[in-house]
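Each protein sequence line maps, in turn, to chains A and B. Quick note: the first sequence uses our numbering, first residue 1, plus one each step. Quick note: the second sequence uses our numbering, first residue 1001, plus one each step. Beta carbons are placed, not taken as given, at the ideal position from N, Cα and C, and that holds for glycine. Given the structure is predicted, the values throughout are model-derived calculations rather than measurements. Please read the structure below before turning to the comments.
2 protein chains.
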Amino acid sequence: MKPDALRGHLDALLLATLDGRQLHGYAIIEALQEGSGGALDLPTGTVYPALRRLERAGHVVSDWSTVGGRKRRTYKLTQAGQRALNAERSAWREFTTVIDGVLGGGKWAQT
Amino acid sequence: MKPDALRGHLDALLLATLDGRQLHGYAIIEALQEGSGGALDLPTGTVYPALRRLERAGHVVSDWSTVGGRKRRTYKLTQAGQRALNAERSAWREFTTVIDGVLGGGKWAQT
DNA sequence: GGCTATATGTAGCGCGGCTACTTATAGACG
DNA sequence: CGTCTATAAGTAGCCGCGCTACATATAGCC
Chain A
1 MKPDALRGHL DALLLATLDG RQLHGYAIIE ALQEGSGGAL DLPTGTVYPA
51 LRRLERAGHV VSDWSTVGGR KRRTYKLTQA GQRALNAERS AWREFTTVID
101 GVLGGGKWAQ T
Chain B
1001 MKPDALRGHL DALLLATLDG RQLHGYAIIE ALQEGSGGAL DLPTGTVYPA
1051 LRRLERAGHV VSDWSTVGGR KRRTYKLTQA GQRALNAERS AWREFTTVID
1101 GVLGGGKWAQ T
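Next up, the structure:
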């Protein structure tokens, strides 16, 4: 998976991963690995700044906790984040429809 | 359609647009508009540099012609470009499968 | 002590799509 | 003729964001 492909879709992935549950950053990375069958292995330098952006945007909120001596910053969606997730999902659907149409429609399109 | 979403997928769109026919840059932009139902309206500052990148990469070749007093640079796929298009198509399929899985798999995934 | 896993974070790079602009011709309209 | 639109190609430079490469810290195992 070329890295550029994620551009503009990372927020959707993070919001979707937090949908209905609260996770800390490290767990989000693992959840993304699992949920993608190993295809997504996002570096911390990608995920942590992205989470802070989402928090600044008001899409998620975070709480600190300590589990087994290790500090965790646990994130969960806000209402605005839930709305943003819905928007991201429909934007994704529209996006794939458009690209699919162009990629497939070259030769064997019938009107 | 947010501009970032295209990142990393523009080459696929251009190659697919040139699949089985030869077009000049301006016509490619129009073909993309048509083929996407108006959703894609790429600025020339996006398309022309991208075509030159594809030519440097050996995926397309261009020929100059003059039609109605206007200069046209007409592009067509090379064999390498055709192969690249196939690769882009399967990469796209894989990409959408992965993202679809994460975006959809949040709550109602069953194993 | 050293290694791995867990956990969070930052500085700075690099690239590619976009904005804004330039150049040029044909044709329509008044 | 002057102006406007459509057609056609191009460049300079901005900007955002995912990535690389670090730094930091604790728990647990050998």
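Taking all protein chains shown into account, do 16 or more other C-beta atoms lie within 10 angstroms of the C-beta of residue i, making it buried, or fewer, making it exposed?
i: Glu1034 (chain B); result: exposed
i: Glu30 (chain A); result: exposed
i: Gly68 (chain A); result: exposed
Leaving out five residues before and five after residue i in sequence, what residues of the same chain have Cβ atoms less than 6 Å from its Cβ?
i: Asp1004 (chain B); result: none
i: His24 (chain A); result: Arg72, Arg73, Thr74
Should residue i and residue j be called a contact, given that it needs their Cβ atoms to be closer than 7 Å?
i: Leu77 (chain A); j: Val60 (chain A); result: yes
i: Ala1057 (chain B); j: Leu1010 (chain B); result: no
i: Ala1080 (chain B); j: Leu103 (chain A); result: no
i: Ser1062 (chain B); j: Tyr1075 (chain B); result: yes
i: Trp1064 (chain B); j: Ala1012 (chain B); result: no
i: Thr96 (chain A); j: Thr1046 (chain B); result: no
Identify, in the order they occur along the chain, each residue of the same chain with its Cβ nearer than 8 Å to the Cβ of residue i, setting aside the five sequence neighbours on each side.
i: Lys1071 (chain B); result: Trp1064, Ser1065
i: Met112 (chain A); result: With chain A represented from 1 up to 111, any question about residue 112 (chain A) goes unanswered, as that position is not in the structure.
i: Arg1089 (chain B); result: Ala1012, Ala1016
Return no unless some Cβ of chain B is closer than 7 Å to the Cβ of residue i.
i: Ala57 (chain A); result: no
i: Lys2 (chain A); result: yes
i: Ala39 (chain A); result: yes
i: Gln110 (chain A); result: Residue confidence is low: Gln110 (chain A) scores 43 on pLDDT, short of 50, so the model does not pin down where it sits. Its coordinate-derived value is still stated next. Closer than 7 Å: no.
Kindly indicate if chain A contains any beta-carbon less than 7 Å away from that of residue i.
i: Ala1084 (chain B); result: no
i: Val1067 (chain B); result: no
If you drop the 5 nearest sequence neighbours on each side, which residues of the same chain put their C-beta closer than 7 Å to that of residue i?
i: Ala1084 (chain B); result: Leu1015, His1059
Legend entry - Near-chain B residues of the region 24-36 of chain A - C-beta to any C-beta below 7 Å: Leu32, Gly35, Ser36
Legend entry - Contact residues within the region 1004-1015 of chain B, judged by C-beta distance below 7 Å to chain A: Asp1004, Ala1005, Arg1007, Gly1008, His1009, Ala1012, Leu1013
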